[in-house]
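J.: Quick one: the structure is below, and I'll ask about it shortly.
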Amino acid sequence: MSNLDDLLHSVFGFDHFRPGQREIVEAVSQGRNVLAIMPTGGGKSLCYQLPALARDGVTVVISPLIALMRDQVRALRELGVSAGALTSGNTDEETEELFQALDDGSLRLLYIAPERLANPGTERLLRRAKTTLIAVDEAHCVSQWGHDFRPDYLRIGDLRRRLGLPLAAFTATADAETRAEIVTRLFDGVAPETFLRGFDRPNITLAFQPKNKPREQILAFAAARKGQSGIVYCATRARTETLARALSDAGHNAVAYHAGLEAEERRIVESRFSREDGLIVVATVAFGMGVDKPDIRWVAHSDLPKSIESYYQEIGRAGRDGAPADTLTLYGADDIRLRRAQIDEGLAPPERKEADHARLNALLGLAEARHCRRRVLLRYFGEEIDACGNCDLCADPPELFDGTEAVRKALSAILRTDQGFGAGYLIDLLRGVANDRIRARGHDSLPTFGVGADLSKGEWQAIFRQMMGYDLIRPDAARHGALRMTQAARPILRDEQKIELRRDTIKATPTRATPLALVAEEDEPLLAALKAKRRELAEAMKAPAYVVFPDRTLIEMASLRPATLDEFARLNGVGAKKLEKYGDAFLSVINGAPPPDLHPARRKLAGSAGGSLFDRLQEAQIALARGEDGTGKPMSCTSRELARLAAQRPDDIGGIARILGETRAQRFGPRFMEILTCGE
Ligand code: ADP
Ligand code: ZN
């Protein structure tokens with residue numbers, strides 16, 4: 007086992023690296039410049055935290071949000087790692103403690119807020135602290151075009167140059183422009199070793215539904231996930247308030263969050279969300295980067311997000327712990343109109359607007375997908391997969407039909423009315439409903455009048471929505487949303503291309519109203535009890551629950567039901583420090599009684615191969631207490647000696663004698679040798 011594997015195991019308690027982590031951890035540990043692009047929840051933090059432990063000196067971590075830094079520092083301390091944060095929110099005592107650890111050389115990770123970089127004392131401090139590595143979290147904050155731009159991030163490149171240190175930058179933002187900007191600003195334009203991780207998040211279930219009484223759709227979705235932490239994203243502030251109220255009335259613990267709240271109110275919601283189990287936050291997109299909660303079990307969009315990137319980022323906040331998480335995105339023709347109008351009415355230059363329309367198109371293509379949704383999503387990011395089996399379309403393939411005829415009728419209705427009307431008018435025209443407006447314009451005598459009478463109003467609405475989704479028609483910003491045909495529609499109009507559509511997919515009940523169970527039914531009471539224990543421990547420390555253990559670990563605990571410390575140590579997320587601190591408490595919950603007392607020397611070996619060696623050595627030494635024939639002088643070894651033997655595994659009698667002395671080596675040596683050398 008390499009040193010890195012060993013740290014992964016003993017400090018973090020993880021069995022293996024997640025895909026992509028090992029390569030990054032190796033490169034960073036070796037002091038190479040690195041840019042790593044990994045999806046949210048991919049496990050970026052580990053990629054600088056572990057190298058920080060493998061390297062000498064202090065690793066400085068620059069991260070944009072104070073609340074997140076503090077939580078990370080907490081979580082590291084829980085793992086037994088000496089870490090501190092230097093932020094404006096520190097108490098004197100915290101700062102004092104931090105400098106102490108810096109001076110005595112024990113500190114391994116120092117988190118600093120980007121504002122600190124403006125302070126000339128910071129560079130001096132970093133030199134004094136023997137900094138050997140700079141890690142930059144959320145590196146896309148250097149991008150002046152992005153939403154998360156942090157002017158102070160522009161100082162990082164300078165700092166790197168002056169300190170002459172390797173720099174590792176991390177982000178979940180994949181687009182090439184942002185990447186190029188990171189290279190320019192952080193690495194002086196010299197491309198670092200770059201890692202682009204796969205974008206799949208297989209534990210997240212994907213689902214879309216056309217809007218049909220959206221409030222009820224969201225309430226039904228939340229009701230099926232009662233008690234689990236979730237986020238509902240809305241397009242407007244007003245909607246966050248009404249939906250939060252509706253959810254509360256339905257008995258959920260729900261709060262609204264948007265940019266109109268006071269900073270203090272927002273901070274309270276953020277900290278409640280990370281600390282409480284089962285809170286629902288109904289938010290505009292303003293609720294996002296500040297959320298580092300690994301156990302968000304679901305994300306719903308009550309309105310269509312603005313692009314495929316935003317969609318991916320927002321759903322990506324769910325299930326970072328790797329346990330199953332659910333998502334649902336609602337969309338309708340009004341959303342499409344709203345998003346188009348926002349782009350058209352924005353101040354961006356024309357090329358940028360076209361690019362934004364294209365990003366929206368990609369999302370609409372995903373919404374109207376006819377086969378595996380994850381394939382469509384990942385193809386956008388340049389990845390090919392087989393059907394995933396974990397999306398609504400894999401679970402319940404939609405009914406398709408040849409929509410060419412219907413689409414041509416609709417296009418012809420649009421052209422014959424000079425592209426001056428919206429969907430409602432056009433649908434009446436197609437269905438032959440001679441209302442006053444249609445009669446006033448004489449449109450009831452057009453050849454297209456009534457050619458679509460075979461389809462219901464609802465069916466036509468679905469067809470128009472899909473046509474907008476495929477960008478065959480667009481609302482005309484200059485003409486109050488009248489629909490106009492795009493170039494993409496020409497081949498269909500000319501009958502050179504066919505188009506397949508979905509039958510209207512609106513159903514009475516939302517797809518899979520029941521979420522994936524996290525554990526088998528018989529394990530649910532135990533999971534609840536374990537969560538209660540976790541809450542109690544977290545509250546006592548005033549820390550978020552996941553700092554004790556993430557859901558993922560509790561789920562394993564409930565289904566595997568470890569009976570001993572050894573078994574407990576093998577759970578994912580249990581490292582040496584947490585085993586010692588929490589093992590007994592959780593084992594008591596699982597088994598109704600604390601585990602048998604173990605000698606401290608033996609406890610240290612829990613879960614490792616050394617643990618079972620120790621047990622076999624102990625058994626052997628009891629059997630040999632009075633020698634092979636049971637008549638010898640009583641002799642024994644201490645637990646500490648047995649632990650040393652198990653840990654060091656001497657490979658000859660001489661080695662055993664160095665630990666036990668000659669006399670006892672004569673009695674126990676041969677049998678111990680057999681134990682220590684077998685089963686390698
Ligand atoms: P990111 O910053 O990439 O969104 P985090 O670093 O917050 O993700 O990691 C997400 C979750 O995954 C955390 O709870 C973390 O402890 C867990 N994690 C990271 N690496 C591993 C691993 N190798 N095995 C198991 N869990 C891991
Ligand atoms: Zn699928």
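Numbered per this note's numbering, the sequence shown spans residues 7 to 686. Yeah, the Cβ is synthetic: ideal placement off N, Cα and C, and Gly gets one too.
Tell me Glu506's beta-bridge partners as DSSP assigns them.
T.: Asp408
J.: Judging by CA-CA distance, which residue of Arg133, Ala186, Gln150 and Thr177 is the nearest neighbour of Gly170?
T.: Arg133
J.: So Gly691 and Ala306 are supposed to be a Cβ contact under 8 Å. How far apart are they, rounded?
T.: Absent from the model: residue 691. The displayed extent of the chain is 7 to 686, so no value can be given.
J.: With 16 as the cutoff for other CB atoms within 10 Å, does Ile43 come out buried or exposed?
T.: buried
J.: Taking only three categories from DSSP, how would you classify Glu390?
T.: coil
J.: Considering only DSSP beta bridges, list what Cys397 is partnered with.
T.: Leu212
J.: Rounded to whole angstroms, what's the CA-CA distance from Asp309 to Lys219? Just pull it up for me.
T.: 12 Å
J.: Ignoring anything shorter than 3 residues, give me the beta strand (DSSP E) runs that lie fully in the region 221-256, in order along the chain.
T.: 236-239
J.: For Thr515, which residues of its own chain have a beta-carbon under 6 Å away from its beta-carbon, when the five flanking residues on both sides are left out?
T.: Because Thr515 carries a pLDDT of 43, less than 50, the predicted location of this residue cannot be relied on, and the following value inherits that uncertainty. There are no such residues.
J.: Does Ile302 come out as helix, strand or coil in the three-state DSSP assignment?
T.: coil
J.: Distance check for Leu116 and Leu92, CA to CA, integer angstroms please.
T.: 7 Å
J.: Using alpha carbons as the reference points, say which of Ala582, Ala250 and Pro600 lies closest to Arg609.
T.: Ala582
J.: Would you tell me roughly how many angstroms separate the C-alpha atoms of Ala429 and Leu436, rounded to the nearest one?
T.: 10 Å
J.: Indicate whether Glu694 and Arg508 have their beta-carbon atoms separated by less than 8 Å.
T.: The question about residue 694 has no answer, for the chain in this structure spans 7 to 686.
J.: Using the C-alpha atoms, what's the distance from Ile659 back to Thr669?
T.: 12 Å
J.: What is the rounded straight-line gap between the Cα of Ile302 and the Cα of Asp206?
T.: 17 Å
J.: Roughly how many angstroms lie between the CA atoms of Leu192 and Tyr159, to the nearest whole one?
T.: 9 Å
J.: Which class does Arg323 belong to by DSSP, given the choice of helix, strand or coil?
T.: coil
J.: To the nearest angstrom, how far is it from the Cα of Leu285 to the Cα of His449?
T.: Taking C-alpha positions only, Leu285 is separated from His449 by approximately 54 Å.
J.: For the structure I just gave you, are there three or more beta carbon pairs, one from the region 582-594 and one from the region 618-626, closer than 8 Å?
T.: no
J.: If you follow the beta strand (DSSP E) that Tyr337 is part of, which residue opens it and which one closes it?
T.: Ala331 to Tyr337
J.: Assuming Leu56 and Leu10 make a contact with CB atoms under 8 Å, what is their CB distance in whole Å?
T.: Rounded, the Cβ-Cβ distance is 7 Å, consistent with contact.
J.: Should Arg445 go down as buried or exposed, given a rule of 16 or more other Cβ atoms within 10 Å for buried?
T.: Exposed, because fewer than 16 other Cβ atoms sit within 10 Å of the Cβ of Arg445.
J.: Could you tell me which uninterrupted alpha helix (DSSP H) segments, each at least 4 residues in length, are contained entirely in the region 605-638, listed from first to last along the chain?
T.: 606-609 and 615-629
J.: Among Arg122, His22, Pro70 and Gly37, which residue has its Cα nearest to the Cα of Gly49?
T.: His22
J.: Cβ atoms of Val291 and Ser316: under 8 Å apart, would you say?
T.: yes
J.: If you follow the alpha helix (DSSP H) that Leu115 is in, where does it begin and where does it stop?
T.: No alpha helix (DSSP H) contains Leu115, which is instead part of the beta strand (DSSP E) from Leu115 to Ile118.
J.: Hey, out of Phe427, Leu461 and Gly426, whose CA is closest to Gly438's CA?
T.: Leu461
J.: Just grab the DSSP bridge partners of Gly90 for me.
T.: Leu116
J.: Suppose contacts are defined by Cβ-Cβ distances below 8 Å. Is Val551 in contact with Arg540 by that definition?
T.: Val is not the amino acid found at residue 551; the sequence shown has Ala there. In contact: Ala551 and Arg540 (Cβ atoms closer than 8 Å).
J.: Would you call the region 130-148 and the region 54-70 in contact, with 3 or more CB pairs under 8 Å?
T.: yes
J.: Can you pull the DSSP bridge partners for Phe201?
T.: Ala42
J.: To the nearest angstrom, how far is the alpha carbon of Gly5 from that of Thr492?
T.: It is not possible to answer for residue 5, since the shown part of the chain is limited to 7 through 686.
J.: Would Asp572 pass as a contact of Gly617 if the rule is Cβ separation under 8 Å?
T.: yes
J.: In whole angstroms, what is the alpha-carbon distance linking Ile294 and Asp442?
T.: The question names Ile, yet the displayed sequence has Gly at residue 294. Near 48 Å, if we compare the C-alpha coordinates of Asp442 and Gly294.
J.: Measuring CA to CA, which of Pro601, Leu478 and Thr333 is closest to Ala228?
T.: Thr333
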